[in-house]
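Engineer: Structure provided below as structure tokens; questions to follow.
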Amino acid sequence: MAIEKLTPVNVEGPVRKVNKTLVRCCESGYFHMSPPPDVSGAHLEAKSLRDKGQYERAIKRCRLLAEQLGITLDENASYDHIEYNVSADFRKYLDEVNEEAAELFEEKRELEVSIKDHGAIYNNLGQLSGFNADFGELFACEYIKIRFGRIPLSSIRKLDYYSERPYFFFQFKSEKEQAWCLYLAPKNHSKEADYLFNSLGFTRVRIPEYLDGSSSEASSLLLATIKTETEKLEHLEEKIKELGDSEKAKLSAVYAKLIALDNSYELRSNVLVMDNRFHFSGYIPSRKEKQFKALLEQSEDVEVTSVPSNDKEAPVKLRNNRLFRPFEMFVKMYGLPAADGMDPTPVVAITYMLVYGIMFGDLGQGLCIFLLGLLMTKFTKVALAPIMTRIGLSSALFGVLYGSVFGNEHIITPFFHVPEIYTLLGYEEAPENIFSISAVLLIAALLIGVCLVVLSMILNMIICIKTRDMENGLFGASGLTGFIFYVALILGVGGSFIGLELMSPVYIAVFIVLPLLAMFFKEPILHLLHAERVKNGGKGNIDTGLKKKLDKVLSEKEGGKARASVGTFIIEGFIELFETCLSYLTNTMSFLRIGGFILSHAGLMLVVNVLAGLTDGGVAYILVQVLGNAFVTGVEGFLVGIQVLRLEFYELFSRFFKGGGTPFNPVTIGKKAA
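Quick look at the structure:
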């Protein structure tokens, strides 16, 4: 039952190295950072660092530069060789790279725009096929304006109404409801012509004035220009790629460090600065103490010191072997144990696997659960998957004991068919089926419950000794007096069924009545212990927890508060004692569900086999068996899991578990140290 031992540490050093130190703490993967102490009333000139966002602009510049260079950044890249630690260092590096790349990027942008424009012009010239006039001569005309473009076919007929206007119209290729055209107009009438054609839906397409020759000649010239520019663009992209390849590793390392530094600023609110030195504290696993000190003290002037441990304030880190580790999920569902308490994970793991196998024992179905758990563990991150593999094996093992393979009890000999066993159980011949030994199963379930309740009481007493909680350890329902009463009562009642008469007057007085009286008169006994403490001048072998209880009693008495009347004390004590005795009964009887689910599983599989037997065999028989077993495995397997968890939480945890632990959350950013 392992709550890992943690060591509290203080870290301090010059402020200029706080970033690197925080990053190294995060890289370790096992440093739990504590909030800073309150120094507001200590007259210390201390301040907290709260300057998040210093590196955000540099991070954005890295991403933009990587996008332009066509490289993918790796935020988990190693950055140990990067010496930059302040924003000015990163800015200088990015400026250098950007300056080298900016000219290439600008030239590339201009080429892309030029190729796009020339491509559009080339496409437009293709619509003017048959235009054999020289563009250069037309554009050189001083007194004539020329316009190229498209006009709706319906508008061409309307031009007949404006034939007296001073313009010349030429139509070229038609497509859909548009026609490519041009019109010429004297310079002093060009605005009038432009207004007319615009009103008719004319869309102008600009042709560069540097073109010469006919449309086909101009197209050839443009095509050659586009080809030349494309070759230049390809060459330019190769140069950009070379630059990107040369800077990829360093840019990724810089980016990874920027991410780490930026995230580390979230932790800076836990850092105090006094006299130009930073101070922060936290917890590390004790087994990692030397490794952690070596990691941080690589930086000159950074000091790591261990401080006296206060287990009650320490965070909680559970540490269990591979078999038990998945069951930590159940413990955390109920609540983390206190730092000075005990990790119940091994107890939960063993009892959960054991009780689940007993309640759902079937070799075939257990192996199915095991295989499903293996597949889910491999392909998913479901926390329940590793637990399924373990309870599946437990179910399969008890299935061998019950002789049940997918509900069939004729393949493997069940334990109650072994002569030595059924004779020991009081049967003269082998019981026909598991229903014939239902009474034995229910008694066995009660015995299992008694053993688990006793185990929980023992754990409670161990925890009370460890935490010096003698009040609950001695007088609690799961303390020493409760343990003696419960065990004595079980032995006395159980012995009478097997002819062992233990319930003598002395036995009842010492082992049953006396523990009940001790629990009933708990408060007066505490008063007597307090009186003895006062008599000894406040000294004595009374544990700290009990001292607090007694001090509270004393303060109430000296504060003038009226003590409860004798009648009130008797009524309250009787009610508490009745509830305690009732909890013993209900907790124990709850374990009857173990035997009940054994019988219910056998009953469900009997129904499946009967339904399969009503078929004509063949495919129908197989289908009923497959669907029936799938239903029982899924539904009953799930219900059994819930019922076992209920037994863990309500019948066992309630007797010994003390929660309130703070989870151990190591700070992690960027890449982790190997």
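For the sequence shown, the numbering used here begins at 320 and goes up steadily by one.
Glycine is no exception: its CB is placed at the ideal position from the N, C-alpha and C atoms.
Alpha carbon to alpha carbon, how far is glycine 683 from glycine 814?
Structural biologist: Glycine 683 and glycine 814: Cα-Cα distance of roughly 39 Å.
Engineer: Counting along the chain, where does the beta strand (DSSP E) carrying alanine 385 start and finish?
Structural biologist: No beta strand (DSSP E) holds alanine 385; the alpha helix (DSSP H) holding it covers 375-388.
Engineer: For serine 353 versus asparagine 589, is the C-beta spacing smaller than 9 Å?
Structural biologist: Closer than 9 Å, so yes.
Engineer: Assuming proline 705 contacts threonine 699 under a Cβ cut-off of 8 Å, what Cβ separation, rounded to an integer in Å, is found between them?
Structural biologist: Contact flag wrong, Cβ pair sits at about 11 Å.
Engineer: In the DSSP assignment, what residue or residues form a beta bridge with threonine 987?
Structural biologist: In DSSP, threonine 987 forms no bridge with anything.
Engineer: Within 10 Å of its beta-carbon, does valine 825 have 16 or more other beta-carbons around it, so buried, or fewer, so exposed?
Structural biologist: Exposed: under 16 other Cβ atoms inside 10 Å.
Engineer: Does the region 659-669 come within contact of the region 589-603, defined as at least 3 CB pairs closer than 8 Å?
Structural biologist: Judged by Cβ distances under 8 Å, the region 659-669 makes no contact with the region 589-603, as fewer than three pairs qualify.
Engineer: Do you know how far the Cα of proline 843 is from the Cα of isoleucine 889?
Structural biologist: C-alpha separation (whole angstroms): 12 Å.
Engineer: For serine 600, which residues does DSSP report across the bridge?
Structural biologist: According to DSSP, which records beta bridges pairwise, serine 600 is partnered with Asn329.
Engineer: I think glutamate 622 touches glutamate 331, with their Cβ atoms under 8 Å apart; what is that distance to the nearest whole Å?
Structural biologist: Right, their Cβ atoms sit about 5 Å apart.
Engineer: Which residue wins for smallest C-alpha separation from methionine 678, given the options Glu647, Leu716, Phe689 and Val829?
Structural biologist: The option with the nearest alpha carbon to methionine 678 is Leu716.
Engineer: For leucine 810, decide whether its Cβ has a neighbour in chain D, counting only Cβ atoms nearer than 9 Å.
Structural biologist: In summary, chain D is missing from the structure at hand, where a single protein chain is found.
Engineer: Histidine 351 by DSSP, collapsed to three states: which one?
Structural biologist: Note: histidine 351 maps to strand in three-state DSSP.
Engineer: Whole alpha helix (DSSP H) runs in the region 604-646 with 4 or more residues, listed along the chain?
Structural biologist: Taking only runs of at least 4 residues, the alpha helix (DSSP H) segments lying wholly in the region 604-646 are 608-615.
Engineer: Who are the Cβ neighbours of leucine 925 in its own chain at under 8 Å, not counting the five residues just before and after it?
Structural biologist: Only Gly726 meet the Cβ criterion.
Engineer: Comparing C-alpha positions only, which one of Ile827, Ala459, Ala837 and Val927 sits nearest to alanine 506?
Structural biologist: Position check: residue 506 holds lysine in this sequence, whereas alanine was assumed. When each option's Cα is compared against that of lysine 506, the closest is Ala459.
Engineer: Helix, strand or coil, according to DSSP, for serine 919 in the structure here?
Structural biologist: Helix, per DSSP.
Engineer: Alpha carbon to alpha carbon, how far is leucine 615 from glutamate 608? Give it in angstroms, no decimals.
Structural biologist: In a straight line, the C-alpha of glutamate 608 is about 11 Å away from that of leucine 615.
Engineer: With burial defined as no fewer than 16 other Cβ atoms inside 10 Å of the residue's Cβ, what is the status of leucine 901: buried or exposed?
Structural biologist: So leucine 901 counts as exposed.
Engineer: Tell whether a beta-carbon distance below 9 Å holds between glycine 768 and threonine 907.
Structural biologist: Yes.
Engineer: Please give me, in chain order, every unbroken run of the alpha helix (DSSP H) with length at least 4 that falls completely inside the region 707-794.
Structural biologist: Here the runs fully enclosed are 738-743, 757-786 and 789-794.
Engineer: Can you give, in chain order, each stretch of the alpha helix (DSSP H) that sits fully within the region 496-560 and has at least 4 residues?
Structural biologist: 509-518, all fully within the region 496-560.
Engineer: Please classify leucine 541 as buried or exposed, where buried requires at least 16 neighbouring CB atoms within 10 angstroms.
Structural biologist: By the 10 Å Cβ count, leucine 541 comes out buried.
Engineer: Does the beta-carbon of valine 825, which I'm using as the reference point, lie nearer than 8 Å to any heavy atom of the ligand FMN?
Structural biologist: As far as ligands go, the structure on display features none, and thus does not contain the ligand FMN.
Engineer: Once you ignore the five residues that flank leucine 580 on each side, which residues in its own chain have a CB closer than 6 Å to its CB?
Structural biologist: Within the same chain, leucine 580 has close Cβ partners Asn338 and Tyr374.
Engineer: So the candidates are Lys427, Val759 and Ser533; which of them puts its Cα closest to the Cα of aspartate 453?
Structural biologist: Residue Ser533 is the option with its Cα nearest to aspartate 453.
Engineer: Identify the continuous beta strand (DSSP E) that holds lysine 464 and give its terminal residues.
Structural biologist: Residues 463-471.
Engineer: Does the count of Cβ pairs from the region 955-969 and the region 777-797 closer than 8 Å reach three?
Structural biologist: Cβ pair count under 8 Å is below three, so no.
Engineer: Assuming the contact rule is C-beta atoms closer than 8 Å, tyrosine 675 and serine 723 should be a hit. Round their C-beta distance to whole Å, please.
Structural biologist: 15 Å between Cβ atoms; not a contact.
Engineer: Assuming the contact rule is C-beta atoms closer than 8 Å, proline 634 and proline 982 should be a hit. Round their C-beta distance to whole Å, please.
Structural biologist: That pair is a contact at about 6 Å.
Engineer: Can you find at least 3 beta carbon pairs, one from the region 390-397 and one from the region 413-432, that sit closer than 8 Å?
Structural biologist: With the cut-off at 8 Å, the region 390-397 and the region 413-432 do not touch.
Engineer: Just tell me which of Ile913, Ser797, Leu325 and Cys381 has its CA closest to the CA of glutamate 632.
Structural biologist: Of the candidates Ile913, Ser797, Leu325 and Cys381, the one whose C-alpha sits nearest the C-alpha of glutamate 632 is Leu325.
Engineer: Tell me whether valine 592 sits in a helix, a strand or coil according to DSSP, three-state version.
Structural biologist: Reduced to three states, the DSSP call for valine 592 is strand.
Engineer: Measuring CB to CB, does leucine 586 end up less than 9 Å from alanine 385?
Structural biologist: For leucine 586 and alanine 385, no; Cβs fall outside 9 Å.
Engineer: With a threshold of 8 Å, are at least 3 pairs of Cβ atoms found where one atom belongs to the region 956-975 and the other to the region 554-574?
Structural biologist: The region 956-975 vs the region 554-574: no contact.
Engineer: Return the CA-CA distance between threonine 905 and glycine 798, expressed in angstroms with no decimal places.
Structural biologist: The straight-line gap from Cα to Cα measures roughly 18 Å.
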